[in-house]
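J.:
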Amino acid sequence: MVGRGEAGTHAQRALWSPIALKGGSAALFDKSAEIGALGSLFLGAWGSAIPLAEFLKRRELVRHEDQRQVLGHLRDGHTDRVAAQKMGISYRTYRRRVAEILERLGAESRFQAGVRASELGLLSPLEDAQ
1 MVGRGEAGTH AQRALWSPIA LKGGSAALFD KSAEIGALGS LFLGAWGSAI PLAEFLKRRE
61 LVRHEDQRQV LGHLRDGHTD RVAAQKMGIS YRTYRRRVAE ILERLGAESR FQAGVRASEL
121 GLLSPLEDAQ
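Mapping the sequence shown onto full-length UniProt numbering, position 9 (from 1) lands on 9, and the numbers just tick up by one.
Structure, rendered in structure tokens:
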């Protein structure tokens, strides 16, 4: 929000209210450095965001445990043969599942698909630590 100062100069103010948080507190920022930092934070988050429909489509990838396992192997950089062996499935079956996941995530490499899955929250923190 922009308002006029006492001397006729323009002063910037921003009101932030995290309604979803308990307590419903609010903060008023009136220093340009604070407002600039909030603006940069917002633009960074907005720039990496995807439409909700796309996120929901991608989230469907992890409906089954074997899909989560494939994503974990991709993220961790395992070779297809090693990942297939660990999962107890054939090499061809594993490669077919990888190709489906790459297409759905819009990834160009196996590792990129694993990283993207982590960034989108498609793997739980517990799985990330394994």
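Yeah, the Cβ is synthetic: ideal placement off N, Cα and C, and Gly gets one too.
None of the values given here were measured: they were computed from a predicted structure.
#1: Quick test of the definition: if touching needs 3 or more C-beta pairs under 8 Å, does the stretch 102 to 122 touch the stretch 71 to 80?
#2: Looking at the unbroken alpha helix (DSSP H) that takes in residue 73, where does it start and where does it end?
#3: Would you call residue 50 buried or exposed, if buried means 16 or more other Cβ atoms sit within 10 Å of its Cβ?
#4: Within the chosen definition, does the stretch 95 to 104 reach the stretch 54 to 68 through at least 3 CB pairs nearer than 8 Å?
#5: Taking Cβ to Cβ, would you say residue 123 is nearer than 8 Å to residue 68?
T.: Taking the definition as stated:
#1: yes
#2: As a working mapping, residue 73 is identified with position 73 in the sequence shown. 65 to 76 is the extent of the alpha helix (DSSP H) around residue 73.
#3: If you number the sequence shown from 1, residue 50 lands on position 50. Residue 50 comes out exposed.
#4: yes
#5: In the sequence shown, residue 123 corresponds to position 123, counting from 1. In the sequence shown, residue 68 corresponds to position 68, counting from 1. Going by C-beta atoms, residue 123 is nearer than 8 Å to residue 68.
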